[in-house]
């Protein structure tokens with residue numbers, strides 16, 4: 461339920477379990493944006509750890525490097541400029 465092909469798709473958010481759109485930029489209880497949490501969860505999945513309700517991204521591929529995840533986190537913190 462998340463379209464990563466262009467900026468508008470990303471901004472539209474993802475479908476939650478109820479079929480409602482939610483922002484992937486919303487922060488969790490620890491202050492981490494959902495998008496970043498999913499990128500970090502992929503590392504945990506590769507290591508065999510449980511990630512709870514968060515599914516790792518990119519699904520079925522190797523996790524992004526720590527540097528790339530930091531770039532995404534910085535982009536979100538800067539207001540997601542185009």
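Numbering (my numbering), first residue to last: 461 to 542.
Glycine included, each C-beta is placed from N, C-alpha and C at the ideal position.
Hey, could you find the ends of the alpha helix (DSSP H) residue i is sitting in?
| i | result |
| --- | --- |
| residue 536 | 526-537 |
| residue 506 | 494-506 |
Per the DSSP calculation, residue i is bridged to which residue(s)?
| i | result |
| --- | --- |
| residue 474 | 482 |
Hey, would you say residue i sits closer than 8 Å to residue j, going by beta carbons?
| i | j | result |
| --- | --- | --- |
| residue 532 | residue 500 | no |
| residue 497 | residue 488 | yes |
| residue 461 | residue 474 | yes |
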